[in-house]
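Residue numbers (UniProt numbering): 1 to 120.
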């Protein structure tokens, strides 16, 4: 048994392990995948506003960055892994991003995400 699991088991036995109340929502992770419109100038025009939106995000952003063209330099979309109360909150977050509001993204998809490997 891992060190953390053993510690949790010990606290559980002592009655000191906090368990979420039934009315408390446990945040989930979501993958947000967005593809840009062909006109790259739309993304460029709203990039500062997009960055400001991410910096003041109402939900926790775990990882975010551009999807690049095969040249390894040209942004063609975005991927974000976020923590939100539910999928509707993640969708609303994506919908309110300046890239979405101003039409830089032609396609936005949001899926529940379960991390199985993290080699950081």
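For every residue, glycine included, the Cβ atom is placed at its ideal position computed from N, Cα and C.
Across the structure, residue 28 and residue 57 are spaced so that their CA atoms are roughly 16 Å apart. Separation of residue 103 and residue 35 (C-alpha to C-alpha, rounded to the nearest whole angstrom) is 11 Å.
Residue range 87-95 is occupied by the alpha helix (DSSP H) that includes residue 88. A straight line joining the alpha-carbon of residue 69 with that of residue 118 spans about 25 Å.
With a cutoff of 7 Å on beta-carbon distance, residue 90 and residue 30 are scored as near each other. Of the residues 108, 33, 44 and 97, the one whose Cα lies closest to the Cα of residue 52 is 97. Assigned with DSSP and collapsed to three states, residue 104 falls in coil, not helix or strand. In the structure shown, residue 83 falls within a strand segment according to DSSP collapsed to helix, strand and coil. Within the same chain, Cβ atoms closer than 6 Å to the Cβ of residue 107 are found at 35, the five residues on either side in sequence being excluded.
Only residues of its own chain outside the window of five on either side were considered, and among them 102, 103 and 104 have a CB closer than 7 Å to the CB of residue 42, listed in chain order. Distances from the CA of residue 88 to each of 40, 111, 45 and 49 were compared; the closest alpha carbon is that of 111.
Classified as buried, residue 82 has 16 or more neighbouring CB atoms from the shown chains inside 10 Å of its CB.
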